[in-house]
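Asker: So that we are looking at the same thing, I have put the structure below in structure tokens.
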Amino acid sequence: MINIFYNEWRCFLRNKLFIFFTSFFIILLIVVTYFAIIQNNKQIQSQNEAHNHIRSQWDEIDSTNAHSAAHFGTYAFKSNTILNSLDEGINSVTGVVLRLEGHKQNDVAFSEISQSLEISKFGKLKPSLLFQFIIPLFLIFLSFNSYTSEIASGRLKLLIIQGDSLLKIVFAKIVTILSLSFLLLFLSIFIQYTFNFSSLSFDEILRLVIFFFAYIIYYFIIITLTILLSILFKKSISSLSTMIIVWLLWTVFLPKTIGNFTESISPLPTRFELKSDMKEDRSKGIDGHNPSDERRYQLEKETLEKYNVDSLSQLPINFSGILLQADEEYGNKVWDKHFGNVYSILKEQKRNYQLSGLINPFASIQSLSTGSCGTDLIHHLDFLSKAEIYRRYFVKKLNNEYTFVSTKGENAYLSDNVFFKSINDFNYSTPNFSSVLYYYLYDIIFLFSWILFLIFFVILKSRKLII
Amino acid sequence: MIELKNIYKSFNSNIVLNNLSIKVNSGEIYGLLGANGAGKSTTLNMLLGFLDQDSGTINMIDNKGSTVTSKDGVGYIPENVNLYPYLTGVENLDYFSKIAGLKFTTDQLCNFLLECGLKELDFNKPMSEYSKGMKQKVGIAIAYAKNAKIYLLDEPASGLDPLSSNDLSLLLKKMSKKGATILMASHDIFRVRETCDKIGILKQGTLVKEMFSKDVSSLELESLYLEYMKN
Amino acid sequence: MNLNIFLYEAIHFTRSKAKLYSYLFFMSICMLSIFNAYKISNKQTQTILNINEQKEIENQKVLDWFDKSNKGPDDKSWINVEDPYWAIRSTSTYVVKEPSPLMPLGIGQSTQFGFYKKVNRWSSTYDDDIVEEISNYERLINGNIDFSFLIIFLLPVLIIIMTYNINGLEKDFSFHKLISIQNNQVKLWVFTRLIFYLILVLFSVNFLILTVGFFNSGISNIKSVLNLILLSNLYIILFFVVFYFLNTNGKSSSSIAFKMISVWLLFCVIIPGSVHQYVSFQYPVNYMTDFLDVNRKRTYDIFKLDNSNLYTKLLDIHPEISLNKDSLEINLDNKKIRRSISSIVNQMNVDAANEIERQNEEKNRLIRFTYIFNPVSYVQNMWNSCTSTDYDSYKKFRIKLKESIQLRNELLVLEIWKEQKVDKESYQEYLKVLN
């Protein structure tokens, strides 16, 4: 087998067209990866500047009312991971700025895509675009006649007479072409690693490894399927045209139709419906129980009992603060109910889409690619959830100050700069891949199932093949 | 009539045809024998108008003395007549006639095919189901329907079984009797001897021997051919 | 041109199952895309209907207060709708962008923007409640089965499938010489065969555009429909011209297919992708800190200003208010000034939003500059413009929104400073002005 592998490479290297296209892809990958890193670093820098700018304004707050500071609020900026330069996933369509303030949860706004005219339907020219769309096509063109040309030229018979098994020949062909994709992937990962050597954490290296192997598996599927089709059709041109149609179905058609289908079987509420329902729940109580005036009355009663006083004016604390925090917590419950529902629908849609990996391995590689780069829906929802957790910490801290601390002393209801500075900043970090791995189990299972299925078929066909 | 006079042709200082002169009279079948690279295909390509000679003259004239150009009075039958596989024999003939600006009724088309030896049963089968011999008959029918005065055949007998090969000889003879001038390039000494009136042996672009087939037996032609090839 | 070659191409087309089925499949997908976009458009229309209903209910509630001589809701005694400040605050106003009747022909950027906004005096054109509808971002990235996408990106692939073996199959089977001697104009033969597919494709596309255009909007959008037809036809012809050269010079059908796909990849994926990356490099995503500053820090700074400073700022925006009263002391009425602050903040918001629009416009200028070598993005944006689903259409929506916010603040300040009591008629007048 190793001899066939060497021989295949020798033939490749003597083929001018192969040399031209391989050199083209190597140069393109180097340029694209390099520029993607530069562009990403520029964006990370711009995000850090915005973050520091907003935080410095917070740190400069003078003596002021803590509740007013809750309205003043802060902003969470969606950060780009280093691996965003490989695959930016959904980052261009999600908002990048989230206002965090008292009383309400806001939507993440200002997506990149809404800031200009439309440019590319397939995203920026990043390594992922090459890995997902263009390199597979190159591999199809390399594979479609690698086996049939052996039959047509009569070499196959010779090789078998010389003692090689048909199966070995087929796998040697697959491994040869796969080794080329290995080279291209390795090159891109290596550049990524070299340029970000100092800033890559262990988790990011692990993510890079997963990214690498996921694509290797995907390419194995593409190459094997192309060769298998050429064995089945016995004609290279039929294999080529079928694989081009398969490529189109996998990369363009199925993602769109299945995406629309998953959305129609698990529909999301419109923003208007969601807001109206939340407003209703907040004023009338969740599901019509415990409306706001009743809640207020109950809270008043409990607080008076707790401090053993008869009226609010006798309280040693600021009741407004208690009321604000209670309202906040009720609002959180309402938000958890409604946005929890939205998040679970989104996750359900993602899961249903991932199931399409059974017929479309592109869905699996896309999910693993964006997942390993931390740029998919799961990571976005993690950002939103952590930002909301921070918002709750932030508002509670201010409400507590307003309730228990700021009532004391001469400057009643005013808190000083030291207090505001003491509130921790929001620093988002991407979750460890191991903690989100279970979201990608379907992708991993389907990719491996495809491998097993194709190997099984190749073995079966190789046994029955009449040369 | 086909007449090639003192034809020279070279590609990048490599001489392919060297002072080649051949004359094929009307109603005559001429067989051009030669090894690979001898210049047979170059000669055909020149007659077809795909290549220009460096020097020398080419004349193609019909029975009435009018000049025939490759586009109007010439029929060409390639080595493999793999026409549109999804069209039937009749449809292929119809299509190729139409692109030549000719329009025939279905009956006329069927007649052409019948004349060229195709069985009626096969007329409406897609060509993907045809044997090589059947395809060749359609190829000849295309030339016939075009009322070609000159037939140029490139390795017509290659890959044909003996029966089909014999059919081909008979068909070409039939066409020549109708006045067609036929030039076929081939490796097949036996088939050339059986089919052609005149035979030329081409070696490295030079016509080394020309003879009438009636003057030699197949065995003699073979030893003559081998002799020329070895020297 | 030989009409027989043209007519015979229909037989070539129908006999070649892959071509026929690809065409039928494509047409079915086109219809599915139109249906799909109808659903999105209807969903937007339904939301707008709900909004109008809600608006009516809210405004009717205030009108009922007037009818019953109430000044506001029972549990909010501080509200007095006879006061212009509370009356105007109580008007429910939405600015909406109605879905374009041609949206079924192109969703464009409509899924990236919000299409309605409830306006209050503090609103701005970049508030976070006018972001896109709640949707699955991964689906947004993969995109919709959109008619414009099908025509701009997938139709060239259909054309490749239908034409890649013209003058290629003949060479694969070595009978191209036969074609040459049967027909002395091979280029014309290729051209005639391509014309068949061109007419087939143009007829199919134009039929769909015209049907949807007239069915959905009668002749009211005739100009846009005709523009779409012109644009799509020129785009399709452009591909045919390129493919004509590949067909005439191709060496085999696989080589023609390879070249055609390379052309498609270059124009539809690589060039737009490179431009996208370059534009993103030149103009990284805008975190809008200037706008955030106005929204937060600078607004709070305004609140800290004393009445005299605020009054000066107000006078800059509304010189009319100085004419209403002759006494400066009255003009410096704390309540009136404080209630008018939103107008000053709005002016800052407008300035900040203008700056964002300017920056975005700079980015768009760079994108437009690339059209010269990036025709696909040009066609895409032109198409979106015809279906009113492009950036500029949403910019118009933002301008409408800006005017509405400005109008509200203007009315609020002038009415507050006029100090007139509001009755039902004047409230109805407010509604009329603000809607």
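Protein chains in written order, with the working numbering: chain A, 818 to 1284; chain B, 145 to 375; chain C, 113 to 547. Cβ coordinates follow ideal geometry from the N, Cα and C atoms, glycine included.
1. Taking C-beta pairs closer than 9 Å, name the residues in chain B that residue 135 (chain C) reaches, listed in chain order.
2. Within 10 Å of its beta-carbon, does residue 833 (chain A) have 16 or more other beta-carbons around it, so buried, or fewer, so exposed?
3. Residues of chain B with CB closer than 8 Å to the CB of residue 301 (chain C), please, in chain order.
4. In the DSSP assignment, what are the bridge partners of residue 342 (chain B)?
5. Assuming the contact rule is C-beta atoms closer than 8 Å, residue 907 (chain A) and residue 253 (chain C) should be a hit. Round their C-beta distance to whole Å, please.
6. Report the partner residues of residue 351 (chain B) according to the DSSP bridge assignment.
7. Just by C-beta distance, which residues in the stretch 206-225 of chain B are closer than 9 Å to chain C?
8. With 7 Å as the C-beta to C-beta threshold (strictly closer), list the residues of the stretch 363-393 of chain C near chain B in chain order.
9. Contact between the stretch 1183-1192 of chain A and the stretch 888-907 of chain A: three or more CB pairs below 8 Å?
10. Using 8 Å as the threshold, is the C-beta distance between residue 539 (chain C) and residue 193 (chain C) below it?
11. Which two residues bound the contiguous beta strand (DSSP E) that contains residue 206 (chain C)?
12. Which residues does DSSP pair with residue 329 (chain B) in a beta bridge?
13. Quick one: is residue 230 (chain B) near chain C, going by C-beta distance under 8 Å?
14. Using 8 Å as the threshold, is the C-beta distance between residue 191 (chain B) and residue 289 (chain C) below it?
15. Let me check one thing: in DSSP terms, what residues is residue 955 (chain A) bridge-paired to?
16. Closest to residue 415 (chain C) by C-alpha separation, out of C:455, C:481, C:303, would be which residue?
17. Looking at chain C, is there any beta carbon in it that lies within less than 8 Å of the beta carbon of residue 1085 (chain A)?
18. Under 7 Å between beta-carbons, which chain C residues line up against residue 892 (chain A)? List them in chain order, please.
19. Using a threshold of 8 Å, state whether the C-beta atoms of residue 384 (chain C) and residue 489 (chain C) are closer than that.
20. Assign residue 1082 (chain A) to one of two classes, buried (16 or more other C-beta atoms within 10 Å of its C-beta) or exposed (fewer than that).
21. If residue 224 (chain B) sits next to residue 286 (chain C), beta carbons under 8 Å apart, how far is it from one beta carbon to the other, in whole angstroms?
22. Could you give the DSSP three-state label for residue 152 (chain B): helix, strand or coil?
23. Any beta carbon from chain A within less than 8 Å of residue 172 (chain C)'s own beta carbon?
24. Is the separation between the beta-carbon of residue 183 (chain C) and that of residue 191 (chain C) shorter than 8 Å?
25. Taking only runs that begin and end inside the stretch 247-292 of chain B, name each unbroken beta strand (DSSP E) of 3 or more residues, in chain order.
26. Would you mind telling me which residues of chain A sit closer than 7 Å to residue 257 (chain C), beta carbon to beta carbon, in chain order?
27. Starting from the beta carbon of residue 293 (chain B), find every residue of chain C whose beta carbon is closer than 7 Å, and list them in chain order.
28. If you compare alpha carbons, which of B:346, B:362, B:356, B:360 is closest to residue 375 (chain B)?
29. Would a check of beta-carbon distances place residue 139 (chain C) closer than 8 Å to chain A?
30. Below 8 Å, can you find three or more Cβ-Cβ pairs linking the stretch 221-238 of chain B to the stretch 251-271 of chain B?
31. Quick check: is the beta carbon of residue 235 (chain B) nearer than 8 Å to any beta carbon in chain C?
32. Would you check if the distance between the CB atom of residue 1200 (chain A) and the CB atom of residue 1257 (chain A) is smaller than 8 Å?
33. Hey, would you say residue 344 (chain B) sits closer than 8 Å to residue 166 (chain B), going by beta carbons?
34. Is any beta-carbon of chain C found at less than 8 Å from that of residue 917 (chain A)?
35. Can you give me the start and stop residues for the alpha helix (DSSP H) that residue 390 (chain C) sits inside?
36. Below 8 Å between beta carbons: does that hold for residue 1047 (chain A) and residue 1058 (chain A)?
Answerer: Reading from the atomic positions:
1. Within chain B, no residue comes near residue 135 (chain C); the closest Cβ sits about 16 Å away, beyond 9 Å.
2. exposed
3. Near residue 301 (chain C) (Cβ distances below 8 Å), the residues of chain B are 243.
4. B:174, B:356
5. 5 Å
6. B:346
7. 213, 214, 215, 216, 218, 219, 220, 221, 222, 223, 224, 225
8. none
9. yes
10. yes
11. Residue range 205-208 is occupied by the beta strand (DSSP E) that includes residue 206 (chain C).
12. According to DSSP, which records beta bridges pairwise, residue 329 (chain B) is partnered with B:176, B:298.
13. yes
14. no
15. Note: residue 955 (chain A) sits in no beta bridge, so no partner.
16. C:455
17. yes
18. 404
19. Residue 384 (chain C) places its beta carbon less than 8 Å from that of residue 489 (chain C).
20. It counts as exposed.
21. 6 Å
22. Correct three-state label for residue 152 (chain B): strand.
23. Closer than 8 Å: no.
24. yes
25. none
26. 1073, 1074, 1077
27. Neighbours of residue 293 (chain B) on chain C: none; closest Cβ ~13 Å, over 7 Å.
28. B:346
29. no
30. yes
31. yes
32. In this structure, residue 1200 (chain A) lies away from residue 1257 (chain A), with their beta-carbon atoms at least 8 Å apart.
33. Contact: yes.
34. no
35. 383-394
36. no
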